[in-house]
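What follows is a single structure, written as structure tokens, with notes after it.
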Amino acid sequence: MSENGGIRQNLQQLERRSIAIIREAKAQFKNIACLWSTGKDSTATVWLCKKAFFGKIPFPVIHIDTSFKFPQIYEFRDKIAKEWGFKLVIAKNEDALEQGMSPKTGRLDCCTQLKTEALKNLLRKEEYDALILAIRRDEHGIRAKERYYSPRDERFRWNYADQPAEMWDLYVKPSEDFSHMRVHPILHWTELNVWQYVQQEKLPINPLYFAKQGQRYRSLGCMPCTVPIPSEADTIEKIVQELATSKTPERAGRSQDKEKAYMMQKLRSLGYM
Amino acid sequence: MIILALDALDLNLVKKFECQTLMQKECGQTDISNFNLERTVVLWASFLAGKNMETKIPLKTQWEFKLSTEETFLHFFKTYKAIDVPAFSFKQDHAEERKFLKNYFDDKSAIEEYDAAVWKIHDENKKEFLASIGKSDLVIGYFNLADAIGHLSFGIIQKMKDVYSELEGLAKETRNSDDFILVISDHGMKAIGRYGDHTKSGFYSTNKKLGLNLPKITDFYNLVRSLGNVA
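In order, the protein sequences belong to chains A and B.
Everything in the first sequence is counted per the working numbering, starting at 206 for the first residue and increasing by one.
Everything in the second sequence is counted per the working numbering, starting at 2 for the first residue and increasing by one.
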């Protein structure tokens, strides 16, 4: 088999499993929705939802708007929502924004208020019992402990030690003790798989991912907290090539990861580790 | 005498969360600017010994470092109980907590696993501490909840509020005693994103007005000696 044939076959297997998970979740939960940041992973996930239901997504797609995102994100969101014809729901914590919440008032508080609380408010209002999210095991070590079905309590807490078993690809909804279920249909994909899939399916992609003047964004977040990486990859083909040799973590451009690196060094210097 | 040794208790958060019991009748910051690094074992050893111990405690073996009773103010008391005090009676149980801390930075553990290990030691120490009050001339209990949780979660206000509420509760249960009560921390803490880093300002409070003005952590050696009505 040629290299391209192998990639195609691999992507087909990944896609099949993801679509099965999405269909299973839709059948098991009464009020499900899909989160969409407009990044490559969640755009691929929305596309999988579209394919799972033959072109018409039968549930809303939620975008959490912190109001600090790149203008390209808003443009891309509105364009794709219109072209793909799904119901777009925007979650925004207006109260926190009115009170002046911004990355300047503290990055973590800002994230909590403008992302987590915005989503909590929407969940309470719309009573969603399941959310489809585009997280992947290879993004972070902690995410490697995630399951395809991940129950959360009313405070969004995840009990990693008490998760439903997922043997033989059976995804069972626990009967109680959860407020909503997180469903992770692309948990088994890698960053490279996602880009190969984007390439194969010719998916529209946010222009921020492509290099301009020697820099591109590898992971999209809010403007004040995301920095570009040095790169010359200005096409999907070049991004795929770049990833095949890259040793830099995907989220290296995020502030939180830099803070984590600083803290690890500091705790070492203080003798904690 | 009772000493509540609360690692990383920070005056700003004590005030922010209105922990009136922790503030007692007099409270303020301590000065640790004469230490190069705010190392936990060094600061508690210096508090116990009344002198700067920085050069005497190697970084690599600091958790195993132990002062003898004679080197500390404890020997002024006929009977004493020192629970989990660094550089004196520090428990091996903390190794588990530090293993999870390392695993977190190696992306092998979730913060929840680390937090659970920290709270477990705290609960055990709390039980032992409260049961010891009134049974010795001096009871000193060390609690690292604010430091350990703070290092990975100082930027999460609700989580720190829960920690300070727990420590305020501990102080309330201690307050019932007629003894002199000193609440003291080794250093403060500041947020680095979601994480917490040590600051050069410690905390103290007393249930008697003493009129202390930015005391050094080593100043408490003589204070404990005189207030304990001991030789």
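We put the beta carbon where it would ideally sit given N, CA and C, even for glycine.
Given the structure is predicted, the values throughout are model-derived calculations rather than measurements.
Query: Minimum Cβ-Cβ distance from SER474(A) to chain B less than 8 Å; Result: yes
Query: Burial state of ALA232(A), where buried means 16 or more other Cβ atoms lie within 10 Å; Result: exposed
Query: Selection of the region 92-108 of chain B by Cβ proximity to chain A, strictly under 8 Å; Result: ARG99, LEU102, LYS103, PHE106, ASP107 and ASP108
Query: Where GLY210(A) falls, given that 16 or more other Cβ within 10 Å makes a residue buried; Result: exposed
Query: Opposing strand residues paired with ASP32(B) [DSSP bridges]; Result: SER202(B) and LYS217(B)
Query: Beta-bridge partners of LEU183(B), as assigned by DSSP; Result: ILE4(B) and THR207(B)
Query: Alpha-carbon to alpha-carbon, GLU344(A) and ALA449(A); Result: 15 Å
Query: Partner residues on chain A for ASP1(B), Cβ-Cβ distance less than 8 Å; Result: Past the edges of chain B, shown from 2 to 232, lies residue 1(B), and the structure says nothing about it.
Query: Contact check, TYR402(A) vs TYR376(A), beta carbons under 8 Å; Result: no
Query: Proximity test, Cβ basis, 8 Å: GLY203(B) and chain A; Result: no
Query: Whole beta strand (DSSP E) elements within the region 304-380 of chain A, 3-residue minimum; Result: 335-337 and 354-357
Query: As assigned by DSSP and simplified to three states, the class of GLN93(B); Result: coil
Query: Opening and closing residue of the beta strand (DSSP E) in which HIS268(A) lies; Result: 266-269
Query: Residues near ASN208(B) by beta carbon distance below 8 Å, same chain, minus five either side; Result: GLN25, LYS26, ARG176, PHE181 and ILE182
Query: At least three beta-carbon pairs within less than 8 Å, the region 331-345 of chain A to the region 361-370 of chain A; Result: no
Query: Chain-ordered residues of the region 380-407 of chain A with a beta carbon less than 8 Å from chain B; Result: none
Query: Exposure of ASN145(B), with buried meaning 16 or more beta-carbon neighbours within 10 Å; Result: buried
Query: DSSP state of GLU19(B) mapped onto helix, strand, coil; Result: coil
Query: Cβ pair TYR222(B), ASP138(B) closer than 8 Å; Result: no
Query: Distance between PRO87(B) and GLN30(B) (C-alpha atoms, nearest Å); Result: 21 Å
Query: Three-state secondary structure (DSSP) of HIS393(A); Result: coil
Query: Chain-ordered chain A contacts of ILE150(B) [CB-CB under 8 Å]; Result: Simply none; closest approach about 13 Å.
Query: Per-residue burial, ALA232(B) [other beta carbons within 10 Å of its own, 16 or more giving buried]; Result: Low local confidence applies: a pLDDT of 45 at ALA232(B) is under 50, so the model's placement there is unreliable, with the coordinate-based value given in what follows. Flag for ALA232(B) reads exposed.
Query: Spatial neighbours of ASP116(B) in its chain, beta-carbon cut-off 7 Å, leaving aside the 5 residues before and after; Result: ILE150
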